[in-house]
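Residue numbers (the numbering used here): 13 to 470. Quick reminder that beta carbons are idealized off the backbone N, C-alpha and C, glycines included. Values in this document were obtained by computation on a predicted structure and should not be read as measured data. Since the structure comes first, as structure tokens, the remarks are kept for the end.
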Amino acid sequence: MQIRNLNPSQDIGASAWFVQIDGHRLLMDAGTHPKLEGHASMPLYEEIKNEDLDAIAISHCHHDHVGSLPMAQRYFPKAHVLMTELSYFLVERVLHNSVNVMMRQKEELGIQEYPLFTHDEIDETAHLFQGFRYNREIEWAAFNKTRAGAASPTLEFYDAGHALGSAGIMVRGSKETLFYTGDVSFRDQTLLKAARFNDVRADVLIMETTRGNRMTPLGFTREGEVDRLAKAIQSVIQRRGCILIPVFALGRTQEILAQLALMMRSGQVQNQPIYIGGLGRVFTEIYDLQAHRANRNHTGLKLTDALNLIVLEKGQAEKMRLNTPRIFVVTAGMMSDKTAAHDLALRMAGDPKHAIFFVGYADPDTAGGRLKAAKHGETFLFSPSGGEVTRQCQIEDFDLTAHANREDLLDFVGQVNPKTVLLGHGSEESRMWFQNAILERHPKIKIVQPQPGVLVEA
Ligand SMILES: [Zn+2]
Ligand SMILES: [Zn+2]
């Protein structure tokens with residue numbers, strides 16, 4: 013089989029993998045690069061524009077995996093778009109939100125090429141979206157009408173435990189198999205249960221490496237971390253400060269809300285209204301509505317009932333009084349300009365009463381990352397619009413990730429027993445750690461760090 017990594021950059025970037033097997037062609041994921049803008053954030057679709065693509069399969073609905081789907085569909089207007097049925101409930105919301113964000117950025121940041129696609133375009137192509145249950149074999153090439161009748165490879169979605177609807181993708185050809193992890197969590201989160209990858213074996217493995225640069229400390233437990241978060245929140249409330257937890261709208265938001273609901277139910281944290289963003293609210297409702305379909309804990313816990321959720325209105329974060337305890341669970345982790353997280357952080361950073369709690373990855377080159385790295389009392393450039401900030405507030409980092417730790421992924425390589433591993437979705441440092449660690453344990457496995465656009469024979 014042949015594989016082309018279409019991610020334009022060497023880091024987590026925009027996920028998009030082109031696969032050719034038994035003469036059939038599949039695109040797995042169609043992401044955007046979270047740190048790049050405009051066409052530079054798109055996968056290298058030009059590299060495959062002349063291919064007769066049969067289908068597009070989506071691992072999950074985070075922007076780095078699905079954000080450029082309408083652009084991919086321009087190149088391949090007939091390709092059916094296959095995803096899990098839970099992703100099917102989310103995907104249009106995610107894409108319409110992208111259009112809104114791009115329109116805003118065009119206006120506020122002057123990015124002329126935005127929006128790269130329109131609401132109409134999404135509506136006009138949505139009939140090609142198809143949702144499937146986990147663990148069903150799908151003959152994807154059969155969707156290409158020009159080649160009907162030819163034997164088709166299959167694909168199957170495996171529950172990845174990362175965010176609602178997330179999946180690893182198994183591709184089975186006549187002789188070879190490929191497994192793509194997507195983003196995966198091998199441990200239970202508060203709501204979503206761990207990935208169900210137990211019987212995965214494949215000849216070729218495409219693996220995420222997000223946490224390759226992070227060793228799990230001895231004795232670390234997620235429960236311990238949630239407990240530490242509860243105590244930290246309660247102590248800020250007691251000193252009448254505000255708490256900002258910057259998170260992504262899909263997945264992180266709901267996990268944190270579930271933790272808050274359980275903390276308030278047990279009395280560990282005093283009852284409080286919780287301020288969230290509009291998109292966070294939409295996905296929270298879908299989490300509630302689809303609780304019975306997801307493989308999760310606390311299926312009876314309806315976040316919108318259990319918590320007093322207040323949606324922040326446009327511009328509210330800039331003006332709201334912060335002299336009474338408030339909890340904000342808002343997008344985004346990057347704290348990009350003009351977001352509620354950005355405006356709140358700017359107002360809170362200089363006051364020791366307040367706290368900003370990070371619960372996941374914050375890229376060091378973003379406002380969020382710079383804030384996270386700043387020492388107490390340090391003055392640093394926060395953002396272009398916010399200028400310099402002196403950090404006086406409490407900042408803590410809680411490891412409540414939705415990504416597999418590197419030790420679990422290394423064990424997973426042993427389980428899959430592949431001939432070839434392709435490393436993606438991680439920094440150079442992370443990929444190098446995996447390359448060395450895999451070779452040490454399994455010297456016969458061929459390891460590839462596929463460069464952008466380059467064809468890999470696997
Ligand atoms: Zn993800
Ligand atoms: Zn990702």
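Query	Result
DSSP-derived helix/strand/coil call for Val259	coil
Length of the line joining the Cα atoms of Ser278 and Arg305	27 Å
Same chain, Cβ closer than 6 Å to Gly25, five either side skipped, listed in chain order	Asn19 and His45
Other residues of its chain near Thr316: CB distance less than 7 Å, five sequence neighbours each side excluded	Thr296, Glu297 and Asp300
Span separating the alpha-carbon of Leu356 from that of Ala329	6 Å
Inside the region 312–381 only - beta strand (DSSP E) runs reaching at least 3 residues	320–323, 339–342 and 367–370
Assigned exposure category for Val466 - 16 Cβ within 10 Å defines buried	exposed
Span separating the alpha-carbon of Ile181 from that of Phe169	5 Å
Straight-line Cα distance separating Val113 from Leu422	37 Å
Whole-angstrom distance between Ala273 and Thr343, CA atom to CA atom	19 Å
Check: Ile70 C-beta below 8 Å from any heavy atom of ligand 2	no
Continuous beta strand (DSSP E) stretch holding Trp445: start and end	Taken as a continuous stretch (DSSP letters only), Trp445 belongs to no beta strand (DSSP E), being part of the alpha helix (DSSP H) at Glu440 to Arg453.
Cβ separation of Arg473 and Ala386, assumed to be a contact under 8 Å, to the nearest whole Å	Examination of residue 473 is not possible in this model, given that the chain is present from 13 through 470 alone.
Helix, strand or coil at Asp494 according to DSSP, with G and I counted as helix	In this structure the chain extends from 13 to 470, so residue 494 is not present and cannot be described.
Rounded straight-line distance, which links the Cα of His92 to that of Asp215	26 Å
Helix, strand or coil at Ile298 [DSSP, three-state]	helix
Identity of the residues DSSP links to Gly143 by a beta bridge	Met95
Minimum length 3: unbroken beta strand (DSSP E) runs contained in the region 384–416	391–395, 399–402 and 406–409
The alpha helix (DSSP H) enclosing Arg240, as first and last residue numbers	Arg234 to Gln250
CB contact flag (Ala374, Cys405, <9 Å)	no
Three-state secondary structure (DSSP) of Ile457	coil
Chain-order list of residues whose beta-carbon lies under 7 Å from that of Asn109 (same chain, five-residue window excluded)	Leu291
Residue closest to Asp135, alpha-carbon to alpha-carbon, out of Thr413, Leu65, Arg105 and Arg293	Arg105
Proximity test, Thr44 beta-carbon vs ligand 2 heavy atom, cut-off 8 Å	no
Proximal residues to Pro89 (C-beta, below 8 Å), its chain only, five neighbours per side dropped	Thr137
Closest Cα partner of Thr189 within the set Leu451, Pro455, Val433 and Val248	Val433
Rounded C-alpha distance that separates Arg86 from Ser80	10 Å
Stretch-stretch touch, CB-based, cutoff 8 Å, three pairs: the region 202–215 with the region 26–37	no
For Asp423, the three-state DSSP class (helix, strand or coil)	helix
Buried or exposed (CB count within 10 angstroms, at least 16 for buried), Phe266	This sequence places Gln at residue 266; Phe is not what is there. Buried, since its Cβ has 16 or more Cβ neighbours within 10 Å.
Cβ pair Lys350, Leu203 closer than 9 Å	no
Counted within 10 angstroms of its Cβ, other Cβ atoms place Glu471 as buried (16 or more) or exposed	Because the chain here runs from 13 to 470, residue 471 falls outside it and cannot be looked at.
Member of Trp152, Phe155, Tyr146 and Asp200 whose CA lies at the smallest distance from the CA of Ser178	Tyr146
Where the beta strand (DSSP E) containing Ala172 begins and where it ends	Run containing Ala172: none; DSSP gives neither H nor E here.
Three-state secondary structure (DSSP) of Thr265	helix
Nearest candidate by alpha-carbon position, reference Val294, set Leu262, Pro430 and Pro258	Leu262
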